[in-house]
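Engineer:
Numbering (this note's numbering), first residue to last: 250 to 366.
1) Taking residue 329 and residue 274 to be in contact with their CB atoms under 8 angstroms, please state how far apart those CB atoms are, rounded to whole angstroms.
2) Pull up the distance between the alpha-carbon of residue 298 and that of residue 318, whole angstroms please.
3) Determine the extent of the beta strand (DSSP E) in which residue 293 is found, giving its start and end residues.
4) How long is the line joining the alpha carbons of residue 342 and residue 354, rounded to whole angstroms?
5) Looking at the unbroken beta strand (DSSP E) that takes in residue 327, where does it start and where does it end?
6) Assuming residue 275 is part of the beta strand (DSSP E), what are its boundary residues?
7) Select from 320, 321, 326, 333 the residue whose C-alpha is nearest the C-alpha of residue 288.
8) DSSP three-state label for residue 332, please.
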């Protein structure tokens, strides 16, 4: 049995901030923006503690639609990320981002709801 596959890996999106941990955690976020297609969230826990939501469908370029930031520095915001499902019942996927280093004794989880027009 051959356990190899012919797969070509192509960079999909990059951010050039130097050593920042971009891509440390990546997850399918579900349909956060309500366009009917799944979105992708990419976190960087070392550069400004940020999480970016990307949507590529029907666009000529990949840009982030949403940028989320933790409320304290050096808290490892973005070291974990996931779709939270539809927490608020609005019919759209929500996002949860972890910050396990929020303080000396506690971590924090942030839930983001997309504001629909």
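Where is the CB? At the ideal position from N, CA and C, for every residue including glycine.
Structural biologist: Inspection of the coordinates gives the following:
1) In the chain shown, residue 329 corresponds to position 80, counting from 1. In the chain shown, residue 274 corresponds to position 25, counting from 1. With a Cβ gap of about 6 angstroms, residue 329 and residue 274 count as contacting.
2) Here the question's residue 298 lines up with position 49 in the chain shown. Here the question's residue 318 lines up with position 69 in the chain shown. Approximately 6 angstroms between the Cα atoms of the pair.
3) The sequence position of residue 293 within the chain shown is 44, counting from 1. Note, residue 293: beta strand (DSSP E), 288 to 293.
4) Residue mapping note: residue 342 aligns to position 93 of the chain shown, counting from 1. Residue mapping note: residue 354 aligns to position 105 of the chain shown, counting from 1. Rounded to the nearest angstrom, the two C-alpha atoms are 30 angstroms apart.
5) Numbered from its first residue, the chain shown carries residue 327 at position 78. Neither: residue 327 is in no beta strand (DSSP E) and is coded neither H nor E.
6) Counted from its first residue, the chain shown places residue 275 at position 26. It spans 274 to 279 - the beta strand (DSSP E) in which residue 275 sits, taken as one unbroken run.
7) The count along the chain shown starts at 1 and reaches residue 288 at position 39. Comparing Cα positions, the closest option is 333.
8) As a position in the chain shown, residue 332 is number 83, starting the count at 1. Residue state, collapsed to three classes: strand.
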